[in-house]
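Going by my numbering, the first residue of the sequence shown is number 24, and it counts up by one from there. Right, one structure below, let's go through it.
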Amino acid sequence: MLQTYNLAGTVIYYDSDKKVIARYPSKSNLLLKGADNSLYFGMTSNSDVDKIFCKIFSVSNIKKIQDLKYDLSFCGEIVEVFININAEGQIQVRFNNDGTIGRILNKYEDAEHEKIDFTKMLLVVDFSHNEIRVKNPAIFKL
Numbered sequence: 024m025l026q027t028y029n030l031a032g033t034v035i036y037y038d039s040d041k042k043v044i045a046r047y048p049s050k051s052n053l054l055l056k057g058a059d060n061s062l063y064f065g066m067t068s069n070s071d072v073d074k075i076f077c078k079i080f081s082v083s084n085i086k087k088i089q090d091l092k093y094d095l096s097f098c099g100e101i102v103e104v105f106i107n108i109n110a111e112g113q114i115q116v117r118f119n120n121d122g123t124i125g126r127i128l129n130k131y132e133d134a135e136h137e138k139i140d141f142t143k144m145l146l147v148v149d150f151s152h153n154e155i156r157v158k159n160p161a162i163f164k165l
């Protein structure tokens with residue numbers, strides 16, 4: 024069951040035991056060119072966020088998550104994802120290559136054969152099953 028944590032108006036969803044994190048993509052995440060290819064999950068200076076990420080990645084120090092690389096499955100494709108701590112101390116799940124989030128979500132929309140407002144859908148990153156999922160929060164167990 025996912026838990027929530029509010030970061031000054033942005034809610035992150037997580038299950039530390041199942042190694043899952045989720046959040047709503049921003050409009051800039053959805054662009055195909057010039058996109059922000061990172062999902063932000065708070066600052067390393069926030070002790071609650073620090074604990075969540077240390078538990079998800081089984082590390083004792085938040086700095087040990089820097090540059091972790093995962094190949095995650097989404098819609099029949101492998102997506103290269105890095106865990107990053109940027110210069111400002113923000114924890115990022117960074118999708119490799121410009122426009123990746125927008126491109127893979129367009130592919131998902133095509134597979135579903137319907138128009139989807141992804142700003143209202145959770146982008147779920149599951150590190151234990153090495154996959155990315157899209158979930159409607161109305162039917163998602165929170």
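Where is the CB? At the ideal position from N, CA and C, for every residue including glycine.
In DSSP terms, what residue i is bridged to
i	result
Lys-138	Note: Lys-138 sits in no beta bridge, so no partner.
Ala-45	Tyr-36, Val-147
Met-66	Gln-113
Ile-155	Val-148
Thr-27	Tyr-36
Asn-107	Gln-115
Beta-carbon proximity list for residue i, same chain, < 6 Å, skipping 5 on both sides
i	result
Gly-99	none
Ile-44	Tyr-37, Val-148
Leu-165	Residue confidence is low: Leu-165 scores 45 on pLDDT, short of 50, so the model does not pin down where it sits. Its coordinate-derived value is still stated next. Within the same chain, Leu-165 has close Cβ partners Leu-25.
Ile-101	Asp-94
Phe-80	Ile-88
Asp-133	none
Three-way DSSP call (helix, strand, coil) for residue i in this model
i	result
Ser-14	Given a span of 24 to 165 for the chain in the structure shown, any question on residue 14 remains unanswerable.
Leu-128	helix
Ile-79	helix
Ile-101	strand
Cys-53	In the sequence under discussion, the amino acid at residue 53 is Leu, which differs from the Cys named in the question. The answer is helix: DSSP assigns Leu-53 an H, G or I state.
Ile-85	helix
8 Å Cβ shell around residue i - same chain, five flanking residues per side excluded
i	result
Met-66	Val-72, Glu-111, Gly-112, Gln-113, Ile-114
Beta-carbon proximity check, residue i vs residue j, cutoff 7 Å
i	j	result
Leu-95	Ile-106	no
Arg-46	Leu-30	no
Asn-60	Phe-97	no
Leu-145	Lys-158	yes
Ile-35	Phe-64	yes
Lys-42	Phe-150	yes
Ile-85	Ser-39	no
Contacts around residue i, its chain only, beta-carbon distance under 7 Å, and the 5 residues preceding and following it disregarded
i	result
Thr-142	Tyr-47, Pro-48, Lys-50
Val-82	Ile-88
Ser-68	Gly-112
Gly-122	Leu-54, Leu-55, Lys-56, Ala-58
Arg-126	Leu-55
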